[in-house]
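Take a look at the structure set out below.
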DNA sequence: CTATTCACTTGCTAAATACAAGTGGATTTT
DNA sequence: AAAATCCACTTGTATTTAGCAAGTGAATAG
């Protein structure tokens, strides 16, 4: 039984510490990335997304993200055993954070493997990228393995 | 002997995963925050900064941040047993990420406890704040405990 | 020269993550 | 209509990481 980072460790009147209580771990932001950039939305898709999160940890993070109001889960109308996760407005509003992380990795280490077209778009058309994300249009497709 | 997140867990051609290998944990970004918002600091200052990081974890994170080229350590000219840590250009360039996290926490949860003046400055004078950080001018003084 | 400060280390316990193997209900296949 | 398969999880258990208390050694203060 893993305990998500939602288990308030910091709790110190600081907005960074506050945010880290929600996504300050190795996996949470990757789930948000999948939802935000790649349009992945199911449990199985997250598992297959490349980095190999453990099933119990994934379940725990999805619970925590839902509890934090960042994602919501809904039944897939076409398949009742499938759940579709999506970002709430609060989750979508993490887009600028995600974009700045991508930019930073891209600028400071080529091993980051940022897709060139995405890096260019973030630089030249940041508002357009943000608009795509807000509208739920995937910005970058999977490239890993 | 703790192992920092630098122990490449993800390693998947993705800039987000790449960045998380460096600061995807509960403490690393808080160290960067201390340096960025409050200026250069010592080991003791990090320990006393409010949230209560363990001494061994702090030592490990400082090592990892130095290895990643995000901070540098220098002897204090006035006291040879003291080390002064500061951000490299690569570390300073995380400023936009930090600012977006602050903005997000502030917008979505008042419990984040963002200093009002800082929140306003980020909104009204983002470039000014970034310039202060790049120039090493502290942006926000300590408020915690 | 004794006490204290400073940046750590070391040893141990507790918690979180990784890994392997289920479980149960919903579909698809035969 | 059974049987097999899919899907979103749960349940152990081993391994790794974090948390806590107590050092250590070099530098400085008294």
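Protein chains in written order, with the working numbering: chain A, 1 to 145; chain B, 146 to 290. Beta carbons: idealized from backbone N, C-alpha and C, even for Gly. Keep in mind it's a predicted model, so treat the numbers as computed, not measured.
Can you list the residues of chain B that residue i reaches, using a CB-CB cut of under 8 Å?
i              : result
residue 107(A) : 238
residue 120(A) : None at all; the shortest Cβ gap to chain B is about 13 Å.
Where does residue i fall in DSSP's three states?
i              : result
residue 282(B) : coil
residue 76(A)  : strand
residue 12(A)  : coil
residue 68(A)  : coil
residue 199(B) : coil
residue 178(B) : helix
residue 82(A)  : strand
residue 49(A)  : coil
residue 247(B) : helix
residue 87(A)  : strand
residue 59(A)  : helix
residue 41(A)  : coil
residue 272(B) : helix
Are residue i and residue j close, meaning C-beta to C-beta below 7 Å?
i              : j              : result
residue 270(B) : residue 15(A)  : no
residue 51(A)  : residue 162(B) : yes
residue 101(A) : residue 242(B) : yes
residue 13(A)  : residue 193(B) : no
residue 129(A) : residue 37(A)  : no
residue 99(A)  : residue 122(A) : yes
residue 171(B) : residue 24(A)  : yes
residue 81(A)  : residue 42(A)  : no
Mind checking residue i: buried by the 16 CB within 10 Å criterion, or exposed?
i              : result
residue 117(A) : exposed
residue 59(A)  : exposed
residue 21(A)  : buried
residue 212(B) : exposed
residue 199(B) : exposed
residue 108(A) : buried
residue 206(B) : buried
residue 223(B) : exposed
Quick one: which chain B residues come within Cβ less than 7 Å of residue i?
i              : result
residue 100(A) : 241, 242 and 245
residue 133(A) : In chain order: nothing, as chain B lies at least about 14 Å away.
residue 90(A)  : 253
Output, in chain order, the set of chain A residues within a Cβ distance shorter than 8 Å of residue i.
i              : result
residue 283(B) : Residues of chain A passing the Cβ test: none, with the nearest at roughly 15 Å.
Which chain A residues sit within Cβ distance under 9 Å of residue i?
i              : result
residue 259(B) : 13, 14, 15 and 18
Interface residues of chain B around residue i at Cβ under 9 Å?
i             : result
residue 25(A) : 165, 169, 170 and 171
Review point. So, do the region 219 to 229 of chain B and the region 160 to 176 of chain B have three or more beta carbon pairs nearer to each other than 8 Å?
Key: no
Review point. Do the region 265 to 284 of chain B and the region 236 to 243 of chain B make contact, defined as three or more Cβ pairs closer than 8 Å?
Key: yes
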